[in-house]
Amino acid sequence: MSAIAATASHPHGSPDAMPRRDLLNLVTLTTVAVGVGAVAWPFIDSMNPARDTLAAGNPIDIDTSRIEPGQQIVVLWRGSPMFVMRRSQQAIAALQDPAMLARLKDPDSTVMQQPEYAKNWHRSSNVEYAVLVGICTHLGCLPTLYSKPSATEPVANWPGGYFCHCHGSKYDLAGRVHTNVPAPYNLPVPPYTFVAERMLRIGENPPGFTFNLNSVVQI
């Protein structure tokens, strides 16, 4: 999630020169940022591994058997939120729907935002699970999951996926960005592997691959 920083210049050499409207806007933005962080942090922090593991940047293991189809968990790895989404069969089918593909900016993942083992139509090594860096590629905000199609939320005729409330960027359930939104690229895919059928390890590649997040175009 992005932190909001603000600086202001005072042409008359005094803080009193800041227009009242600008000051109120600044206070409002700061309040909103603090409020969102207060709500989101306990949810993310409750699923984290030990602090020493996080500090070392070591791989983390996740038991995916606890995730029901259509559900997602959020964990931290190297200080960034990781989305682990178990896609339903309906959601998987929607990823190849021509109507959905027509909405996407980079449906074939031609931009380097994922390892080779996730450069496919579902952007994953296991079609059932999406593993994504949960940071909008526009300005680093935290997108929200709306997995089910809806006529009203978060926008009319919503097909399901991720929505960034900051500036309206949208992604499908493979993290592929829509056209005509501020975000330029698909959500990154971190290095990960399944060390057992239902045990996901984030921070380690499958044998034979050496991908790391420094390789992506943008986080």
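Converting from the sequence shown to the numbering used here requires adding 1279 to each position, the first position being numbered 1.
Even glycine gets a Cβ: it sits at the ideal position worked out from N, Cα and C.
If you're wondering where the values come from, they're calculated on a predicted model, not measured in any experiment.
Under the assumption that residue i contacts residue j (Cβ atoms under 8 angstroms), give the Cβ distance between them as a whole number of angstroms.
i               : j               : result
proline 1469    : methionine 1361 : 6 angstroms
arginine 1402   : glycine 1454    : 6 angstroms
leucine 1374    : valine 1412     : In fact, because the Cβ distance is near 19 angstroms, the residues do not count as touching under 8 angstroms.
threonine 1416  : proline 1463    : 6 angstroms
isoleucine 1346 : glycine 1482    : That pair is no contact at about 18 angstroms.
threonine 1458  : lysine 1398     : That pair is no contact at about 20 angstroms.
What number of angstroms, rounded off, separates the C-alpha of residue i from the C-alpha of residue j?
i                  : j             : result
threonine 1431     : glycine 1439  : 11 angstroms
serine 1404        : leucine 1418  : 27 angstroms
valine 1390        : arginine 1477 : 29 angstroms
tyrosine 1408      : valine 1456   : 18 angstroms
serine 1494        : cysteine 1445 : 26 angstroms
phenylalanine 1490 : alanine 1370  : 27 angstroms
aspartate 1451     : tyrosine 1441 : 6 angstroms
glycine 1487       : lysine 1427   : 36 angstroms
arginine 1357      : leucine 1492  : 11 angstroms
glycine 1349       : serine 1429   : 15 angstroms
Using the three-state DSSP reduction, which class does residue i fall into: helix, strand or coil?
i              : result
glutamine 1369 : helix
tyrosine 1464  : coil
threonine 1458 : coil
proline 1377   : helix
alanine 1397   : helix
arginine 1382  : coil
alanine 1317   : Caution applies to alanine 1317, whose pLDDT of 32 falls short of 50 and renders its modelled position unreliable; the model cannot decide the point.
May I ask you to list the residues that DSSP assigns as paired with residue i?
i               : result
serine 1429     : Trp1437
tryptophan 1356 : Ser1359
threonine 1423  : Phe1442
leucine 1479    : Ile1341 and Phe1473
glutamine 1351  : Met1364
For residue i, report the span of its beta strand (DSSP E) as first-last.
i            : result
leucine 1411 : 1408 to 1412
alanine 1475 : 1471 to 1475
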